[in-house]
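Colleague:
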Amino acid sequence: MMEAGRGGKRLEKKQLEAWLAQVLVPVEPNPRFLRRLRARLVTYQGGGLFSGWMMVVVLATALLLAITMVGLLLRLLLGWLNLIGMIGRKKRGSVDPQTVTVTTR
Amino acid sequence: MTKPDVGDMELVRRTASDPEAFGELYERHVLRIYNYIYYRTGNHHDAEDLTARVFQRAMSHVINFEDQGVPFSAWLYRIAHNLVANWHRDRSRRPVVPLEFHLANIRESEHPESEAIAEEEQRMMLAAVSQLPPDRQQLLILKFVERLSNAQIGEIMGRTEGAIKSLYHRTLNTLREEIIPSGN
Numbered sequence: 388m389m390e391a392g393r394g395g396k397r398l399e400k401k402q403l404e405a406w407l408a409q410v411l412v413p414v415e416p417n418p419r420f421l422r423r424l425r426a427r428l429v430t431y432q433g434g435g436l437f438s439g440w441m442m443v444v445v446l447a448t449a450l451l452l453a454i455t456m457v458g459l460l461l462r463l464l465l466g467w468l469n470l471i472g473m474i475g476r477k478k479r480g481s482v483d484p485q486t487v488t489v490t491t492r
Numbered sequence: 543m544t545k546p547d548v549g550d551m552e553l554v555r556r557t558a559s560d561p562e563a564f565g566e567l568y569e570r571h572v573l574r575i576y577n578y579i580y581y582r583t584g585n586h587h588d589a590e591d592l593t594a595r596v597f598q599r600a601m602s603h604v605i606n607f608e609d610q611g612v613p614f615s616a617w618l619y620r621i622a623h624n625l626v627a628n629w630h631r632d633r634s635r636r637p638v639v640p641l642e643f644h645l646a647n648i649r650e651s652e653h654p655e656s657e658a659i660a661e662e663e664q665r666m667m668l669a670a671v672s673q674l675p676p677d678r679q680q681l682l683i684l685k686f687v688e689r690l691s692n693a694q695i696g697e698i699m700g701r702t703e704g705a706i707k708s709l710y711h712r713t714l715n716t717l718r719e720e721i722i723p724s725g726n
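Chains G and V, in that order, give the protein sequences.
Residues in the first sequence are numbered consecutively from 388, following my numbering.
Residues in the second sequence are numbered consecutively from 543, following my numbering.
1) Does any CB atom of chain G fall closer than 9 angstroms to the CB of V/Gly671?
2) What's the C-alpha gap between V/Val626 and G/Val445?
3) Could you work out which residues of chain V lie near G/Arg422, taking near to mean beta carbons separated by less than 9 angstroms?
4) State yes or no: is the C-beta of V/Glu569 within less than 9 angstroms of the C-beta of G/Pro413?
5) Which residues of the region 572-585 of chain V have a Cβ closer than 8 angstroms to any Cβ of chain G? Give them in chain order.
6) Please report how far the alpha carbon of V/Leu553 lies from the alpha carbon of G/Leu463, in whole angstroms.
7) Under 9 angstroms between C-beta atoms, does V/Leu625 make it to chain G?
8) If you measure from the beta carbon of G/Arg440 to each beta carbon in chain V, is any gap under 9 angstroms?
9) For a test of the three-state rule: what should DSSP assign to V/Gln673, helix, strand or coil?
10) Give me, in chain order, the residues of the same chain whose beta-carbon lies closer than 6 angstroms to that of V/Thr557; leave out the 5 immediate sequence neighbours on both sides.
11) How far does the alpha helix (DSSP H) with G/Ala408 in it extend, from its first residue to its last?
12) Would you call the region 583-601 of chain V in contact with the region 681-697 of chain V, where contact means no fewer than 3 C-beta pairs closer than 8 angstroms?
13) Thinking C-alpha only, which one of V/Tyr578, V/Gly549, V/Leu684, V/Ser602 is nearest V/Glu566?
14) How many Å lie between V/Thr593 and V/Asn715 at the Cα?
15) Please list the partners that G/Pro416 has in chain V, where partner means a Cβ-to-Cβ separation under 9 angstroms.
16) Assign V/Asp560 to one of three DSSP states: helix, strand, or coil.
Shown next as C-alpha cells:
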C-alpha cells in the first residue's frame, strides 16, 4: 500500500483512506471491565446512598437505635435508683437497732 | 426492563426512576466511547479508566441533559473529549504511540519480512495520526473506527457537514505530508 507513495509519488486519497481503514479498526475492551463498570453504574444509581429505599432503611435503623438507647438509659436509671434505695434502707436498718439498744439502757 | 427499540431520549427520561435505563444507554454507547478514548490515549489501561469516568460523569448529569437536537452520543463524546484533553494536559506532553497500540489488521502471512514491513508502516501511520491536533484525531477516529457519516460527525463535533468535509480534506493532506515529507 505504501509503495505508491514511496516512489516519490504523492499518496492518492483513496490509498491513504484504505490505509487508515486498515489501521484504525475497532478494538474490544476487556469483557470483565465492561460487566464491572455496568454493575457499578447501575448499583450506584439504583441502590446507592441517596436512593429512596436506602433513606428509609437508614431512618428506620436510626429510630430503632434511638429507642434501644432510651430503653437502656431508663433501665440504668431505674437500677441506679434501686441501688440508692437499697443503700438507704441498709443504712436505716443498721441505725435503728443501735437506737433501740440505747433506749433499753 | 427496557426494549431495544426505545430511543436514547426516552431512556434518558427514564433514568430518574429506572436505573436499568442508564444501564441500557451504557450498553449502547460504551464500545464507541471506549474505542474513541483508546485511540486518543493509546493504551487499554487509561482507556478503561477514562471510559469509567465518562459514564460516571454522564450518570451524575444525565438529569440535566435536554433534547436540543444534539444526540445523546454527541454529549457522551464531548464528555470523553474533555476528559481526554485533561488527561493529555495532566501529562503535559504530546501524545505518543505506546508500544501497546493495537495493530489488528496484520494478518499472518508466509512472508515474515513483508509482515514486519506492514507492521512498521501501520505503526508509522498511528504515530502520524497521534501527532495531529485533537479535533483532527477525533474526526479520523469517528470516521474510520466508528464509521460515522460526515453529518453525524458534525453533530458530535458541533460543526456543519461542510466544515467536517473541509477539515477531513485538510487532515488527509497533513497526513500525506507527515508520512511522505517533501523531497523524499
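Virtual Cβ for every residue (Gly too), placed ideally from N, Cα, C.
Please read these numbers as outputs of a predicted model, since none were measured by experiment.
Modeller: On the basis of the supplied data:
1) Numbered from 1 along the second sequence, position 129 holds the residue referred to as residue 671 of chain V. In the sequence on display, residue 671 of chain V carries Val and not Gly. Answer yes: the Cβ-Cβ gap between V/Val671 and chain G drops below 9 angstroms somewhere.
2) If you number the second sequence from 1, residue 626 of chain V lands on position 84. If you number the first sequence from 1, residue 445 of chain G lands on position 58. Taking the straight line from one Cα to the other gives about 38 angstroms.
3) Stepping through the first sequence from its first residue, residue 422 of chain G is reached at position 35. Ordered by position in chain V, no residue passes the 9 angstroms Cβ test against G/Arg422, which lies about 11 angstroms from the chain.
4) Taking the second sequence and counting its residues from 1, the one referred to as residue 569 of chain V is at position 27. Taking the first sequence and counting its residues from 1, the one referred to as residue 413 of chain G is at position 26. In this structure, G/Pro413 does not lie closer than 9 angstroms to V/Glu569 by Cβ.
5) Val572, Leu573, Tyr576, Asn577, Tyr580, Tyr581
6) Working through the second sequence from its first residue, we reach residue 553 of chain V at position 11. Working through the first sequence from its first residue, we reach residue 463 of chain G at position 76. Distance between the alpha carbons of V/Leu553 and G/Leu463 is about 56 angstroms.
7) Within the second sequence, residue 625 of chain V is the residue found at index 83, counting from 1. With 9 angstroms as the cut-off, V/Leu625 does not count as an interface residue toward chain G.
8) Residue mapping note: residue 440 of chain G aligns to position 53 of the first sequence, counting from 1. In the sequence as presented, Arg is not what sits at residue 440 of chain G; that position holds Trp. No, its Cβ sits nowhere closer than 9 angstroms to a Cβ of chain V.
9) Along the second sequence, one-based indexing puts residue 673 of chain V at 131. In this structure, V/Gln673 counts as coil in the three-state DSSP scheme.
10) In the second sequence, counting from the first residue as 1, residue 557 of chain V sits at position 15. Same-chain partners within the cutoff: Ala563, Phe564, Val604.
11) The residue given as residue 408 of chain G occupies position 21 in the first sequence. 400-410 is the span of the alpha helix (DSSP H), which, as asked, contains G/Ala408.
12) no
13) Within the second sequence, residue 566 of chain V is the residue found at index 24, counting from 1. Of the listed residues, the one whose Cα sits closest to V/Glu566 is V/Gly549.
14) Your numbering for residue 593 of chain V matches position 51 in the second sequence. Your numbering for residue 715 of chain V matches position 173 in the second sequence. Taking the straight line joining both Cα atoms gives about 31 angstroms.
15) Sequence index remark: in the first sequence, residue 416 of chain G carries index 29 (1-based). Here the neighbours are Val572, Leu573, Tyr576, Asn577, Tyr580, His586, Ala589, Glu590, Thr593.
16) Here residue 560 of chain V is taken as the residue at index 18 of the second sequence, counted from 1. The answer is coil: DSSP assigns V/Asp560 none of H, G, I, E or B.
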